[in-house]
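These notes are about the structure you will find just below.
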Amino acid sequence: MSEETEVKVKGRISVGKEQVNFETQKIRKRKLREGK
Amino acid sequence: MSVQTFDVAVKGVGWKDYSQDVQVATEPFIRAGQLRAFYSTRYSNLAALTWPDAYEAIVAFLVDTTLQNTAPLRPYLFYLISAVADRNALVAISLVRYNSYADYLSGVIAEYLGTAYGYGKAVLELVKGVAAQHGSVYSVLFAEYSGDVFNLNVTLHALIGGVEEIE
Numbered sequence: 040m041s042e043e044t045e046v047k048v049k050g051r052i053s054v055g056k057e058q059v060n061f062e063t064q065k066i067r068k069r070k071l072r073e074g075k
Numbered sequence: 004m005s006v007q008t009f010d011v012a013v014k015g016v017g018w019k020d021y022s023q024d025v026q027v028a029t030e031p032f033i034r035a036g037q038l039r040a041f042y043s044t045r046y047s048n049l050a051a052l053t054w055p056d057a058y059e060a061i062v063a064f065l066v067d068t069t070l071q072n073t074a075p076l077r078p079y080l081f082y083l084i085s086a087v088a089d090r091n092a093l094v095a096i097s098l099v100r101y102n103s104y105a106d107y108l109s110g111v112i113a114e115y116l117g118t119a120y121g122y123g124k125a126v127l128e129l130v131k132g133v134a135a136q137h138g139s140v141y142s143v144l145f146a147e148y149s150g151d152v153f154n155l156n157v158t159l160h161a162l163i164g165g166v167e168e169i170e
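Chain order of the listed sequences is V and C. Using my numbering, read the first sequence as starting at 40 and increasing by one per residue. Using my numbering, read the second sequence as starting at 4 and increasing by one per residue.
Structure below.
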């Protein structure tokens, strides 16, 4: 697992009539569980 | 809408046995008081990954026009998550739950809620749905294993409210 880094994205969350656009998001690296 | 279809078995000569044609729809019926939630994120030029590394992003919850990291009291029901790549490379997607934001920061996963793989596209169909627990943190792990810089579209579908009857 690594530290979070902020990357540029094109994102949208919409809930019913509410909508929020975002242009950055924090992501980090970690391992997928193996065997599934 | 995503529908899983099974072949109809044919026995002998005559009518097909349609009683064996079972369909499982992953998109639930919307009931009164429920809202549909939709997340769409386009990642561009992410650094190459090698198996089993993946990127992880928190699923934010929209509450009163602000985003928060932990699940609100009003339950979200996740039912479909997909990742689509720009090329025919192995793609993986996974949904995990942490008991708290502190657990997320320290990396202590409470449970894995599902993982899906595919070439070019991975679709995680949560047929029974996963109801978000109040105070928990949910994150999506996603990866593309072409061994090169990649772009990925991640979409997540949820319902809000009215999940009290879910087993």
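We put the beta carbon where it would ideally sit given N, CA and C, even for glycine. All values reported here derive from a predicted model rather than from experimental measurement.
Per-residue burial, residue i [other beta carbons within 10 Å of its own, 16 or more giving buried]
i      : result
C:E147 : buried
V:G50  : buried
C:S109 : exposed
C:A86  : buried
V:E62  : exposed
V:S41  : exposed
V:E57  : exposed
C:Y122 : exposed
C:V157 : buried
Beta carbon proximity, residue i to chain V, threshold 9 Å
i      : result
C:R45  : yes
C:G110 : yes
C:L116 : no
C:L76  : no
C:D106 : no
C:F41  : yes
C:S97  : yes
C:L83  : no
C:A63  : yes
C:A88  : no
Three-state secondary structure (DSSP) of residue i
i      : result
C:D106 : helix
C:H160 : strand
C:D56  : strand
C:G48  : Gly is not the amino acid found at residue 48 of chain C; the sequence shown has Asn there. Of the three classes helix, strand and coil, the one that applies to C:N48 here is strand, per DSSP.
C:I112 : coil
C:I33  : coil
V:K56  : coil
C:L68  : Before going further, note that residue 68 of chain C is Thr rather than Leu in the sequence given. Coil at C:T68, not helix or strand.
V:Q64  : strand
Residue i to residue j span [Cα, whole Å]
i      : j      : result
C:Y101 : C:A125 : 23 Å
V:N60  : V:I52  : 6 Å
V:R69  : C:L93  : 17 Å
C:L155 : V:I66  : 13 Å
C:W54  : C:S97  : 14 Å
C:V99  : C:L129 : 13 Å
C:L65  : C:F9   : 37 Å
V:V46  : C:F32  : 35 Å
V:V48  : V:Q64  : 7 Å
C:Q71  : C:A63  : 6 Å
C:A40  : C:I163 : 7 Å
Under 8 Å, with one C-beta from each stretch per pair, do the stretch 134 to 150 of chain C and the stretch 73 to 80 of chain C reach the 3-pair mark?
yes
Answer yes if the stretch 94 to 108 of chain C comes into contact with the stretch 36 to 51 of chain C, meaning at least three C-beta pairs across the two stretches below 8 Å, and no otherwise.
no
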